[in-house]
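First up is the structure itself, then whatever we jot down about it.
Numbering (our numbering), first residue to last: 308 to 418.
Structure representation (structure tokens):
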């Protein structure tokens, strides 16, 4: 066999290997796309909706505290703090009443 026949043999082997790897890569890519399609249909069937309680939450905008007088900002802060504390207490009372748990002494308004 002449010397150039070995070059042709190795070129044919390299081309065959490249074609084989290209075919395997193409099939793998097609399977991956199939999995993505299945995932899309499964996620459409299992779509979850956001609970209404999250969307009904009202976000209050701040009063621009850096433009207020310090004393006014302090009273506004403390009033908001007391309102938040009272709202937490009311939610705790409602939650415990709904679950049938006893109320805490600090939650009784007349004491």
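Here a beta-carbon is modelled for each residue, glycine too, at the ideal position from N, C-alpha and C. Since we're looking at a predicted model, the values are computed, not measured.
Taking a contact to mean a Cβ-Cβ separation below 9 angstroms, would you say residue i touches residue j in this structure?
i: residue 392; j: residue 414; result: no
i: residue 403; j: residue 409; result: yes
i: residue 372; j: residue 380; result: yes
With residue i as the anchor, note down where its alpha helix (DSSP H) starts and where it stops.
i: residue 331; result: 310-352
i: residue 400; result: 377-406
Please tell me whether residue i has its Cβ less than 9 angstroms away from any Cβ of chain C.
i: residue 376; result: Within the model displayed, chain C is absent; a lone protein chain is all it includes.
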